[in-house]
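Trainee: Let me begin by handing over the structure; questions about it come next.
There are 2 protein chains.
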Amino acid sequence: MSMLTSISGFPEWLPEDRLVEQAFVDLIRKKFELYGFAPIETRAIEPLPVILAKGETDHEIYVLRRLQASDEENGKVTGDQEVALHFDLTIPFARYVVENRGKLQFPFRRYQIQKAWRGERPGLGRYREFLQADFDIIGENRLSISNDVEVIQTINEIVAELPIPPVRIQLNNRKILEGFYRGMRIPEENIHAVLRSVDKLDKVGEEHTFQQLTGSLRILPETARKCIQLGQIKGQDSTRVINAVRSLEASHTLLEEGLEELSLVLDACRQQPGNSVVADLSIARGLDYYTGTVCEARFVQFPQYPSLLGGGRYDRLANTGSTQFPGVGLTIGITRILGLVLHEGLLRASRKTPTCVLIALVSEPLRSRSIEIARILRSREIPCELFPEAARYGKQIAYAEKKGIPYVWFPSESGENWGEVRDLRSRSQEPANPQEWTPPEEDRAVTVFRDEEASQSLVRKSEEPVSPTLRTKAG
Amino acid sequence: MSMLTSISGFPEWLPEDRLVEQAFVDLIRKKFELYGFAPIETRAIEPLPVILAKGETDHEIYVLRRLQASDEENGKVTGDQEVALHFDLTIPFARYVVENRGKLQFPFRRYQIQKAWRGERPGLGRYREFLQADFDIIGENRLSISNDVEVIQTINEIVAELPIPPVRIQLNNRKILEGFYRGMRIPEENIHAVLRSVDKLDKVGEEHTFQQLTGSLRILPETARKCIQLGQIKGQDSTRVINAVRSLEASHTLLEEGLEELSLVLDACRQQPGNSVVADLSIARGLDYYTGTVCEARFVQFPQYPSLLGGGRYDRLANTGSTQFPGVGLTIGITRILGLVLHEGLLRASRKTPTCVLIALVSEPLRSRSIEIARILRSREIPCELFPEAARYGKQIAYAEKKGIPYVWFPSESGENWGEVRDLRSRSQEPANPQEWTPPEEDRAVTVFRDEEASQSLVRKSEEPVSPTLRTKAG
């Protein structure tokens, strides 16, 4: 295996970065569980028709074929249909709920932390393989707006407690956009195209959006201007937001419904400590399955970095014909967040391995003594490893230092004398008994801490007039 | 999404089973970390040549193509090579080590818990998508046999502490088999074919193996009989095992080396409490990359269930031309183990959700009171959820009971009076304050316990003369 084959868009971390990722995922998982979401995983593949049924065209899809399939089988994985890797966790979840509807209790609250794949061009924060953390509430036939409130409040609380730079959560409601466009008499068949066009307003600018709306979409200039003005409304005060929308003089019952839902969610979040939710009427989400509340979030200091999380309400994604399963939920882009956090060194692991104590090998005849010490320490939940050969002490210590292992144990041969433990940072060394010796709690397991200097440096970068060139570590 | 599309070989668990799987994986991860293995993950795909370079033919491979690729691109994911889903975690790990050799400290100890994919025919304990937990030690240019000892001792200790039926770990050494065959003057080009044939001795029986060896492999009947006799040697006493091999009168330096290595590992394991390691000279492992120690494990009561874990020493898998990276490690088949454990109900989660307390919604005006109680409980790390609507109490209690949530909180409206908490098992109900109320520790998080009745029933089944029909739950 001499082939070196780094594949663009498929990031891999070194152990010290994986330790950060693992701690980050553990924290999110713990939060999800505190909020009463139950874990599931779905298979990595879905039948191609299931994936394509949602009108998804933006995301490139990876289709599978069996290498050793016969010609008649045409490479297909199962008998009669093509399968592909999932590009999100929402569509598989909807399929899972329909499949297991008889065995689940509704409203069903689940979280799901898994990889997803998209054949997109890799770029700033954009990967082809990435880890996502989803949480959703799904109901049987109905799901009240209070669930939207809860999901947005939950992410508002979680984001405030994550060890990452400040985040702004941008909230909107599809009903506002669709109701407004209908009120403006935009033809039904153009509604989704207008949505997608306005969704990119912040990215491509007013002029370009105007061209698009009045050009291929044939919208009257005055209407196009109002659509753009609608997309420019932002704020935390629901009354002001509503007044701003009303001043554009569109009228439609769907618009009214959307405004009511939006202000309910917005007002509830204003009561939360550390609230970072802002109404932003340009947010539409690219995916076609959203029907109400939609939301995204970005780093406050890096608005050009792609959205860190997103999601919303989907009333018609899952159904059996007779039963609807309306849902609302969000996806946290773990790999995207860590792409910036790890690249900028904002979070660091205290060492490169779980090992707290390296048990030195003094001599080959003393190996069983080293093994015995390790066994006792492990039974007391102290992570340790043995140095595999009787090398000189300097070499064994150097190995520990390179990995950031804080302690080295030098065993002794006599029965009651278990040898000495050296703290590699203070260089102090003391006799110790494996039945009693206990490291300080902060040394026992790897800890992950914020690097304040890196954070300061990032703040400085964000204040520079020219936007920083953020490159992903494993882009 | 009305399409129901269960795909054979791609198992999915209900939340209550995923909770068991998660606890199981957490336990294994904790063990790996206690033994000083550092976590990594590798991307799900590898270039096809990397996967095929190891002479792998038994495992069907899933190749990827981009659905929307242009004709010139021929569906390829990257510019010039095909990529496929990995079928194990050892080959990706070897590639990762070679790629990151300048940034790792050797010997490098890593664990890796990820899905892998094989396009095999699904069957008893055989899946197309499955979760594996690997741990390996890899060295730079050399890796002493003491690492083999440590890896086998580690799995011997871990297996003893897992909440699963008794397991037998079967140990062998490729050098014994290859040295023996060479001593028997079996032509070099047939060695691997003989290995693979003898590896299936337990499965297909003596007669069938004899036919194979003397038939297409053209081995003399007397030699074939000795090869089979070698494969039939089993035992925990290394001296007896060695004597049994010697009685077959083969001679080769590689055979001697193998016997020495095997007895070193076997003797070390005999000193461990709860030792379940047995020399079994039929074990060869299907994969071509093993060069020394090999091992597998099976349930003692279900020898016909496929191997639960396996691995060994690979001296030539990773290299850069000038540098070799010899390694030794094992794979625990999580999905395979849980396939039996969950199907037989041997392990059960105490409830179907992490939620410890359901906060009832007394009336719409009291919603903010419910939210406040939830916020306080969560800040004290007590998992809870809100019932989303002001339904009658009976309905709210029924929801909690179906999910196994032990407590329901009925909020009250007056300031100092926070309402009452009902224990759904004892049906006792008492006034409580969310700042102070604390559930018993065993109720706070989901616990996973052994179902003794199911275990007894399994033991009975295994004692029946006809082998039980074990079907996988999500086969």
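Protein sequences, first through last, are from chains P and F.
Residue numbers for the first sequence follow the numbering used here, beginning at 8 and rising by one.
Residue numbers for the second sequence follow the numbering used here, beginning at 8 and rising by one.
Glycine included, each C-beta is placed from N, C-alpha and C at the ideal position.
Being a predicted model, the structure only gives us computed values, none of them experimental.
(1) Out of curiosity, what's the CA-to-CA distance linking Asp287(F) and Gly265(F)?
(2) With a threshold of 9 Å between beta-carbons, can Glu392(P) be considered close to chain F, or not?
(3) Grab me the residues of Phe44(P)'s own chain with a C-beta within less than 7 Å of its C-beta, minus the 5 sequence neighbours each way, in chain order.
(4) Strictly under 9 Å for the Cβ-Cβ distance: is Ile47(P) near chain F by that measure?
(5) Taking DSSP as the reference, what is the three-state secondary structure of Lys359(P)?
(6) Between Glu371(P) and Trp20(P), what straight-line distance do the alpha-carbon atoms span, to the nearest angstrom?
(7) Does the pairing of the stretch 103-116 of chain F with the stretch 128-145 of chain F give three or more beta-carbon distances under 8 Å?
(8) Pick helix, strand or coil for Gln539(F), following the three-state DSSP scheme.
(9) Between Gln278(F) and chain P, is there a C-beta pair that is closer than 9 Å?
(10) Quick test of your reading: Gln279(P) and Asn180(P), contact by CB under 8 Å. State the CB separation rounded to the nearest angstrom.
(11) Between Arg192(F) and Arg320(F), what straight-line distance do the alpha-carbon atoms span, to the nearest angstrom?
(12) Please classify Met8(F) as buried or exposed, where buried requires at least 16 other C-beta atoms within 10 Å of its C-beta.
(13) Under 7 Å Cβ to Cβ from Leu271(P), same chain only, skipping five residues before and after it: list those, please.
(14) If you measure from the beta carbon of Pro447(P) to each beta carbon in chain F, is any gap under 9 Å?
(15) By the three-class DSSP mapping on this structure, what secondary structure does Val211(P) have?
(16) On the three-state DSSP scale, how would you describe Glu53(P)?
(17) Using a Cβ-Cβ cut-off of 9 Å, state whether Thr486(P) counts as contacting chain F.
(18) Here's the rule: buried if 16 or more other CB atoms are within 10 angstroms of the residue's CB, otherwise exposed. What is Thr330(P)?
(19) Please return the same chain residues whose Cβ sits closer than 6 Å to the Cβ of Ser258(F), not counting the five positions on each side in sequence.
(20) On the DSSP letters alone, give me the boundaries of the beta strand (DSSP E) that Arg189(F) sits inside.
(21) From Tyr296(P) to Thr97(P), what does the alpha carbon distance come to, in whole angstroms?
(22) Taking its Cβ as the centre, do 16 or more other Cβ atoms sit within 10 Å of Asn250(P), making it buried, or is it exposed?
(23) Note down, in chain order, all residues in the stretch 93-119 of chain P with a beta-carbon under 8 Å from any beta-carbon belonging to chain F.
(24) Is the beta carbon of Leu202(P) sitting closer than 9 Å to the one on Ile235(P)?
(25) Going by other Cβ atoms of all chains shown within 10 Å of its Cβ, with 16 needed for buried, is Ser254(F) buried or exposed?
(26) Answer yes or no: does any C-beta atom of chain P fall closer than 9 Å to that of Tyr297(F)?
(27) Output needed for Lys38(F): all residues of its chain with C-beta closer than 6 Å, excluding positions within five of it in sequence on either side, in chain order.
(28) Whole angstroms are fine: how far does the CA of Ala407(P) sit from the CA of Thr362(P)?
(29) What first and last residue would you give for the alpha helix (DSSP H) that runs through Asp155(F)?
(30) Could you check where the beta strand (DSSP E) with Ala304(F) kicks off and where it finishes?
(31) Apart from the five residues on each side of it in sequence, which residues of its chain come closer than 7 Å, Cβ to Cβ, to Gly373(F)?
(32) At 7 Å on the CB atoms, spell out the chain F contacts of Gly43(P), in chain order.
(33) Residues of the stretch 201-231 of chain P in Cβ contact with chain F at a cutoff of 8 Å, in chain order, please.
(34) How many angstroms separate the CA atom of Pro413(F) from the CA atom of Ala461(F)?
(35) Does the CB of Gln160(F) have a neighbour CB from chain P at under 9 Å?
(36) Tell me which residues of the stretch 401-417 of chain P have at least one Cβ-Cβ distance to chain F shorter than 7 Å, keeping chain order.
Mentor: A quick look at the data gives this:
(1) 13 Å
(2) yes
(3) Arg116, Arg117, Tyr118 and Phe142
(4) yes
(5) coil
(6) 36 Å
(7) yes
(8) Residue 539(F) falls outside the range modelled here, since chain F spans only 8 to 482, and no answer is possible.
(9) yes
(10) The Cβ separation is near 19 Å, so there is no contact.
(11) 25 Å
(12) Confidence at Met8(F) is low in this model, with a pLDDT of 41, below 50, so the placement of that residue is unreliable and no value is reported for it.
(13) Ile152 and Val156
(14) no
(15) helix
(16) strand
(17) This structure cannot speak to residue 486(P), because chain P is shown only from 8 to 482.
(18) exposed
(19) Gly190
(20) No beta strand (DSSP E) contains Arg189(F), which is instead part of the alpha helix (DSSP H) from Arg181 to Gly190.
(21) 10 Å
(22) exposed
(23) Ile98, Ala101, Arg102, Tyr103, Val105, Glu106, Asn107, Lys110, Leu111, Gln112, Pro114, Arg116 and Arg117
(24) no
(25) exposed
(26) no
(27) Ile165
(28) 9 Å
(29) Ser153 to Glu168
(30) Thr300 to Phe306
(31) The identity of residue 373(F) in the sequence shown is Leu, whereas the question assumes Gly. Within the same chain, Leu373(F) has close Cβ partners Pro418 and Glu420.
(32) Thr360, Pro361, Thr362, Pro390, Cys391 and Glu392
(33) none
(34) 24 Å
(35) yes
(36) Tyr406, Lys409 and Lys410
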